[in-house]
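Written below as structure tokens is the structure these notes are about.
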Amino acid sequence: MRLRAGACAALASVLLATGCATPASQRTEVVVYAAASLNSVFTRLGTEFEASHPGLSVKFSFDGSATLLDQLSAGAPADVLATADEPTMAKAVTAHLIGGAPTVFATNVLTMIVPAGNPAGITGLDRSLEGRKLVVCADGVPCGSATRKLAGLLGVTLHPVSEETKVTDVRAKVETGQADAGIVYVTDARASGDAVESIPIAHADQARNDYLIAVPTSATQPVAAAQFIEFVTGSSGRTALADAGFGG
Amino acid sequence: MIRPALPRWVAVPAAAAAVFLAVPLLAMLVRVPWVRLPALLATPAALDALGLSLRTCVLTTAVSLVLGLPLALVLSRGRGRWASFGRILATVPMVLPPVVAGLALLVALGRRTWLGGTLASAGIDLAFTTAAVVVAQTFVAMPYLVVSVEGALRSARDRYDVVAATLGARPTTVLRRVTLPLVAPAIGSGAALSFARALGEFGATITFAGSLQGTTRTLPLEIYLQREVDTDTAIALSVVLVAIAALLVAATARLGRTGSVPS
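Here the protein sequences line up with chains A and B, keeping their order.
Quick note, the first sequence lines up with residues 4 to 251 if you use the working numbering.
Quick note, the second sequence lines up with residues 595 to 857 if you use the working numbering.
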């Protein structure tokens with residue numbers, strides 16, 4: 004709230020307080036359903052969007068891509084849908100839940116993480132993992148499908164001790180040192196900060212996840228939704244996404 | 595004794611409550627893909643999850659009985675501050691949010707902690723094992739047994755145990771022949787409740803034990819995963835879970851009834 008007030012104050016001096024003076028009730032609200040991995044970067048973009056678009060406000064719902072799709076098909080009031088993979092968006096298109104063509108706005112690749120200090124002496128997807136505790140995402144969820152694809156490309160067989168449903172659960176198990184190593188997105192590795200160390204995986208770019216964004220057919224604010232998508236795919240969006248570790 | 599009649603208006607909110615509780619369960623039954631149900635449940639992943647759940651819940655119930663029953667006995671005799679403290683301690687895990695229970699176990703028994711490290715150097719590495727699932731389930735399920743048995747012991751008015759002791763029976767004999775048989779229905783219903791709670795355990799398991807088919811991925815964890823992958827399978831497995839839980843609750847109610855009849 005303080006950040007927003009600050010942004011408003013700064014903007015007010017430039018824009019003669021047009022937007023910031025608008026009471027919340029008179030603002031057009033864009034409801035954005037976005038993949039959980041977009042949480043911090045979209046929250047930041049939402050604040051910037053509101054500051055540069057007087058009269059518009061953004062509300063987010065973050066969850067796993069498949070859950071978002073379930074909610075949308077059950078009639079959730081979303082104006083924007085952003086998924087962490089292509090298959091989920093394709094399902095939404097097939098189910099006639101999406102109007103226009105979805106846009107790829109970011110990509111994410113996998114990396115290996117180990118707890119700070121690398122106590123188990125892991126060197127990569129190699130023999131150093133033998134007898135060690137590796138945690139990955141379960142096949143079927145986006146990060147797990149990418150992990151399976153990458154392991155296939157590299158010709159390695161993984162023997163994880165746990166296959167998590169959410170990439171953040173993999174992260175948490177490495178951060179706490181329960182696991183010796185985990186495979187997560189580079190954006191998760193960056194979000195973990197000093198708690199983990201990254202070990203890049205060769206050819207990770209060949210098992211890339213595409214993030215797609217689109218306006219659902221049921222959107223009540225399609226014009227404002229298009230403005231938000233324009234903002235995310237524009238220069239502000241690209242900067243914020245790159246800061247968080249996403250690829251263009 | 596004939597009880598006075600209830601005011602008629604009570605029926606309206608009562609009916610609303612019953613509908614509120616029944617609708618979600620009925621909705622799920624309607625949504626079940628009945629034709630594909632056998633095929634959905636016969637997958638290796640589903641069978642592994644069901645088998646693992648049943649095995650771990652039996653173990654959890656056994657551990658709860660072996661450790662929880664003595665705790666209930668001690669608490670039922672306890673007086674004063676320490677006994678109250680013990681009772682609170684035995685109740686808190688029942689009301690903890692599941693993820694909090696998992697976090698608590700993690701900071702107590704995790705590999706990086708003193709206790710977890712000591713156990714690991716003794717050759718007991720709990721992380722990501724079926725034993726960790728049993729630990730997580732026991733932590734949240736044992737309190738049900740303790741509370742249920744302790745309550746029964748404290749409300750048992752008849753001093754049969756005193757009589758037996760006066761007649762010269764040794765403490766172990768009194769316990770085995772008199773005290774425990776008197777609260778047998780409470781032990782049965784407490785064990786069934788523990789089993790049911792262990793069966794539904796999710797948060798502590800996923801936080802503390804992980805999720806791997808056949809090793810740590812119990813039925814609730816498989817449902818959680820399938821919800822992201824295939825909703826039909828998730829609903830089919832949910833129905834199995836609901837059916838087992840309903841059977842357990844019915845068994846508990848039966849035990850409760852036999853317990854209230856004076857023998």
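Even glycine gets a Cβ: it sits at the ideal position worked out from N, Cα and C.
Beta-bridge pairing of residue i - partner residues as DSSP gives them
i                 : result
isoleucine 186(A) : Met115(A)
valine 727(B)     : Answer is none; valine 727(B) lacks a bridge partner.
isoleucine 202(A) : Met115(A)
alanine 37(A)     : Phe65(A) and Ala85(A)
threonine 106(A)  : Ile216(A)
valine 139(A)     : Glu166(A)
leucine 59(A)     : Thr31(A)
valine 177(A)     : None; valine 177(A) has no bridge partner.
isoleucine 232(A) : According to DSSP, isoleucine 232(A) bridges with nothing at all.
isoleucine 101(A) : Pro219(A)
valine 144(A)     : Asp142(A)
glycine 250(A)    : Thr110(A)
Classification of residue i by the beta-carbon crowding that lies within 10 angstroms, buried from 16 upward
i                 : result
valine 107(A)     : exposed
alanine 24(A)     : Bear in mind that the predicted position of alanine 24(A) carries a pLDDT of just 46, short of 50, making it too unreliable to give a figure here.
glutamine 731(B)  : buried
leucine 863(B)    : For residue 863(B) there is no data in the structure shown, the boundaries of chain B being 595 and 857.
threonine 171(A)  : buried
lysine 136(A)     : buried
glutamate 167(A)  : buried
methionine 115(A) : buried
leucine 700(B)    : buried
arginine 875(B)   : One cannot answer for residue 875(B) here, as it falls past the ends of chain B, which runs 595 to 857.
glutamine 209(A)  : exposed
glycine 794(B)    : buried
arginine 174(A)   : buried
glycine 9(A)      : The pLDDT assigned to glycine 9(A) is 47, lower than 50, so where the model puts this residue is not dependable, and the model offers no usable value.
lysine 62(A)      : exposed
glycine 804(B)    : buried
proline 814(B)    : buried
arginine 597(B)   : exposed
serine 715(B)     : exposed
threonine 91(A)   : buried
valine 741(B)     : buried
8 Å Cβ cutoff, residue i in contact with chain A
i                : result
alanine 721(B)   : yes
leucine 835(B)   : no
alanine 729(B)   : Checking the sequence, you will find valine at residue 729(B) rather than alanine. False, the Cβ-Cβ gap to chain A never drops below 8 Å.
threonine 655(B) : no
serine 854(B)    : Unreliable positioning characterises serine 854(B) in this predicted model, as indicated by a pLDDT of 46, which lies under 50. The coordinate reading is nonetheless provided below. Output row for serine 854(B): interface = no.
C-beta neighbour in chain B for residue i, strict 8 Å
i              : result
glycine 124(A) : no
proline 163(A) : yes
valine 144(A)  : yes
alanine 24(A)  : Below a pLDDT of 50, predicted positions are generally treated as unreliable, and alanine 24(A), at 46, falls in that range; the measurement from the model is reported next regardless. So no, alanine 24(A) is outside the interface.
glycine 250(A) : no
Closer than 8 Å to chain E by CB, residue i
i                 : result
isoleucine 781(B) : The chain inventory of the structure shown lacks chain E, comprising the protein chains A and B.
For this session: Pull out every residue of the segment 798 to 816 of chain B whose Cβ sits closer than 9 Å to any Cβ of chain A, in chain order.
Result: Ile800, Thr801, Phe802, Ala803, Gly804, Ser805, Leu806, Gln807, Thr809, Thr810, Arg811 and Leu815
Exercise. Quick one, which residues of the segment 698 to 712 of chain B are near chain A if we go by CB-CB under 8 Å, in chain order?
Worked result: Leu700, Gly704, Arg705 and Arg706
Exercise. Taking any Cβ of chain B, which residues in the segment 165 to 181 of chain A have a Cβ under 9 Å from it, in chain order?
Worked result: Within the segment 165 to 181 of chain A, the residues whose Cβ lies closer than 9 Å to some Cβ of chain B are Ser165, Glu166, Glu167, Thr168, Lys169, Asp172, Ala175, Lys176, Thr179, Gly180 and Gln181, listed in chain order.
Problem set entry | Against chain B: residues of the segment 65 to 88 of chain A by CB proximity under 9 Å | Gly67, Ser68, Ala69, Thr70 and Asp73
Problem set entry | chain B contacts made by the segment 124 to 141 of chain A, where a contact means CB separation under 9 Å | Taking 9 Å as the Cβ-Cβ cut-off, the segment 124 to 141 of chain A approaches chain B at Lys136, Val138 and Ala141, given in chain order.
Exercise. What are the complete alpha helix (DSSP H) segments, minimum 4 residues, inside the segment 644 to 720 of chain B?
Worked result: 663 to 671, 674 to 689, 692 to 703 and 708 to 715
Exercise. Of the residues that make up the segment 818 to 834 of chain B, which ones have a beta carbon closer than 9 Å to any beta carbon in chain A?
Worked result: Tyr818, Leu819, Gln820, Arg821, Glu822, Val823, Asp824 and Thr825
Problem set entry | alpha helix (DSSP H) runs contained entirely in the segment 756 to 831 of chain B, provided each spans 4 or more residues | Listed in chain order, the complete alpha helix (DSSP H) runs (minimum 4 residues) inside the segment 756 to 831 of chain B are 765 to 768, 778 to 793, 797 to 802 and 813 to 823.
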